[in-house]
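One structure is given here, and the rest of the page talks about it.
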Amino acid sequence: MDQLTKFLVYNKTPISKTTMNYEAMKAEKNDKKLENGELDKRMLLLSPDLGMTAERVLYARNRQPGLKPAVVGGNPITEELAIELRVTAFGTSSCPPRGEWIHTPLIMRPSDQPLGYGLAAPRNGTRSLLAGLQAHIIKWLLFDSRPMTKDNKSMEPPDSYLRPNEDRQEEALWRACSEVIWRCGGGFNAQTEVKVVVALPTSTIYVQHSSTYYQDGITEMLHLFEFKSLEDLQIFLKRYLYLFQSEDGSGSLLLLYACILSRGCENVKKDLDGKLTYLVSTQVEGSLNVTTLVLSGRATPYLHNGVQYVGDEDHYAMPQFGVLSRSPVGLLVWYGNDDNITKNISRQYPGSRLKTPALPIWVTSCSGHYGVLFNTNRELLRNYHAERRFDIHYYTCGGCHILLNVDTRAHEDSVTLRNDDISATPLEKLIHTKWQDAKITWSGPVPFAGDSPN
Numbered sequence: 001m002d003q004l005t006k007f008l009v010y011n012k013t014p015i016s017k018t019t020m021n022y023e024a025m026k027a028e029k030n031d032k033k034l035e036n037g038e039l040d041k042r043m044l045l046l047s048p049d050l051g052m053t054a055e056r057v058l059y060a061r062n063r064q065p066g067l068k069p070a071v072v073g074g075n076p077i078t079e080e081l082a083i084e085l086r087v088t089a090f091g092t093s094s095c096p097p098r099g100e101w102i103h104t105p106l107i108m109r110p111s112d113q114p115l116g117y118g119l120a121a122p123r124n125g126t127r128s129l130l131a132g133l134q135a136h137i138i139k140w141l142l143f144d145s146r147p148m149t150k151d152n153k154s155m156e157p158p159d160s161y162l163r164p165n166e167d168r169q170e171e172a173l174w175r176a177c178s179e180v181i182w183r184c185g186g187g188f189n190a191q192t193e194v195k196v197v198v199a200l201p202t203s204t205i206y207v208q209h210s211s212t213y214y215q216d217g218i219t220e221m222l223h224l225f226e227f228k229s230l231e232d233l234q235i236f237l238k239r240y241l242y243l244f245q246s247e248d249g250s251g252s253l254l255l256l257y258a259c260i261l262s263r264g265c266e267n268v269k270k271d272l273d274g275k276l277t278y279l280v281s282t283q284v285e286g287s288l289n290v291t292t293l294v295l296s297g298r299a300t301p302y303l304h305n306g307v308q309y310v311g312d313e314d315h316y317a318m319p320q321f322g323v324l325s326r327s328p329v330g331l332l333v334w335y336g337n338d339d340n341i342t343k344n345i346s347r348q349y350p351g352s353r354l355k356t357p358a359l360p361i362w363v364t365s366c367s368g369h370y371g372v373l374f375n376t377n378r379e380l381l382r383n384y385h386a387e388r389r390f391d392i393h394y395y396t397c398g399g400c401h402i403l404l405n406v407d408t409r410a411h412e413d414s415v416t417l418r419n420d421d422i423s424a425t426p427l428e429k430l431i432h433t434k435w436q437d438a439k440i441t442w443s444g445p446v447p448f449a450g451d452s453p454n
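Residues in the sequence shown are numbered consecutively from 1, following full-length UniProt numbering.
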């Protein structure tokens, strides 16, 4: 403020810069009011900020620890939708679903113990779903949440991100669920309008027991919530994450229902292409179609790239829709030597879009057992030199963790092909479907050739 302005404001002629305390004079004018309690209007002309009062900033209160918000809003499920949902998922609504889907929550291992990045679940039919979710949890912990430098390298050792605290465990869980559900609704594809649906249980029963519907304690009590924004979906799942984590709860079933509802029951049936009439199979650890739904957003039984037209001289060529784009998480499959595949399911082998994903993470189906293979180097699949010799982790939701070293360099002492070696374990043979003839070294105990990890 120059001398003339100060004179106009304070109506005093300054003698020198040191004799006038303008800040004190300004405060005095601010405190001085007229008889009616208003500021001098003449002061506001030259100093409008004098008439402004200090703004109050209101901060949201933190909820008390352990407080569980009740499910509010949404639309209650109808009998028609409940029947269609059960038929699409399990093939019938007149019988209850398999018990493991009702009693398998989404629980992380203790953060203060090894393998704190992993889900914990018994071996049952939910493994095909949980393995896909586990891959997305590792994806967020290792790559999405790591601050990157200009040379695309992490500031801290990658292994440190595999030791999350409880807060990061919860964040990884709801972010992974959000990504899976959003992809099933057509997300991450700018050409379509995205709408996803999440179903949460309440205490009110909306569908009564009948000859066409057998109550399971969850489906008939659902409220449906629609979202058109990924951010809104993430906020919602973060708020109600406890419903997915409650002990002896049905977090796996809620996630499966969200994927089916977001994809649409009719679209799921079209994806199956007559190979199966429902999504969840009778296999011990679940159906591969559930895994493809989690990874690609489509429950396709075909693992090849793009669209293939299959026919013969007596039938028109019909399209078989495989993996339409490269997935951020891959898939490796090894069926084993036993012919235990049902007659309605033909063996499908992943194409390059699943074998070479955007990030070095793969869901594995090894003789029907599901797990996750991953490497901590983001550039593994982009750098030829990095892929010559590297370590790779194998994890299952049963708590099995194995560290292996894969050497893809040619060895003069290799006489026979490792892929045909009868002494190779099923996991080694699965890795050979991606890196043929690679030399694999186990850092821990080697399982027997006829066994497979938990």
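Note that the Cβ used here is the ideal one computed from N, Cα and C, for glycine as well.
P357 sits away from R388, with the two beta carbons spaced by 8 angstroms or more. Excluding residues up to 5 positions away in sequence, E100 lie with their Cβ nearer than 6 angstroms to the Cβ of N124 in the same chain. Note on A317: under 16 other CB atoms within 10 angstroms of its CB, so exposed under the neighbour-count rule. Along the length of the stretch 70 to 148, whole alpha helix (DSSP H) runs at least 4 residues long occupy 79 to 90, 99 to 102, 127 to 139, reported in chain order. Cα atoms of V310 and R298: separation of roughly 20 angstroms, rounded to the nearest angstrom. Taking 8 angstroms as the cut-off, the beta carbon of Q234 is found closer than this to the beta carbon of S178. Contact between the stretch 228 to 248 and the stretch 76 to 95 is absent, with fewer than three C-beta pairs closer than 8 angstroms. Residue environment for I205: exposed (fewer than 16 other C-beta atoms within 10 angstroms of its C-beta).
Fully enclosed beta strand (DSSP E) runs of no fewer than 3 residues occupy 307 to 312, 315 to 321 of the stretch 290 to 330, in order along the chain. By the neighbour-count criterion, in which 16 or more other beta carbons inside 10 Å mark a residue as buried, S94 falls on the exposed side. With respect to the 8 angstroms criterion, Q283 and G368 are classified as neighbours on the basis of their beta carbons.
A straight line joining the alpha-carbon of R86 with that of Y278 spans about 9 angstroms. Closest in alpha carbon position to V72, among I102, L222, S145, C184, is L222.
DSSP places N267 in the helix class (H, G or I) of the three-state scheme.
Comparing C-alpha distances from A70 to each of P201, K139, T78 shows the shortest one belongs to P201. Closest in alpha carbon position to N383, among L404, C400, L359, is L359.
Residue pairing by DSSP places K439 opposite D407 in a beta bridge. Separation of K228 and W182 (C-alpha to C-alpha, rounded to the nearest whole angstrom) is 9 angstroms. Taking one beta carbon from each stretch, the stretch 105 to 117 and the stretch 159 to 171 have 3 or more pairs nearer than 8 angstroms; the two touch.
Counting along the chain, E231 sits inside no beta strand (DSSP E); it lies in the alpha helix (DSSP H) bounded by residues 230 to 239. Taking 8 angstroms as the cut-off, the beta carbon of V207 is found no closer than this to the beta carbon of E193. Taken atom to atom, the span from the alpha-carbon of S296 to that of K355 is near 13 angstroms. Comparing C-alpha distances from G371 to each of D112, R127, E84, R98 shows the shortest one belongs to R127. Nearest C-alpha to S281 among R263, P301, L381, A199: P301.
Counting along the chain, the unbroken beta strand (DSSP E) around S365 starts and ends at 361 to 366.
Straight through space, the alpha carbons of E428 and L81 are spaced by roughly 44 angstroms. Excluding five sequence positions before and after I83, the CB atoms of its chain that fall closer than 7 angstroms to its own CB belong to S93, T212, Y213, given in chain order. Less than 8 angstroms divides the Cβ of F374 from the Cβ of H393. Residue burial annotation: L67 is exposed, with fewer than 16 other C-beta atoms found within 10 angstroms of its C-beta.
The three-state reading of DSSP puts Y213 in coil, since its state is none of H, G, I, E or B.
For G118, same chain residues with a beta-carbon under 6 angstroms away, outside a window of 5 residues either side, are R109, Y395 in chain order. Here the alpha carbons of T292 and G74 stand approximately 28 angstroms from one another. Under the DSSP definition of a beta bridge, V198 partners with F225. Linking S210 to I440 through their CA atoms gives a straight-line distance of about 56 angstroms.
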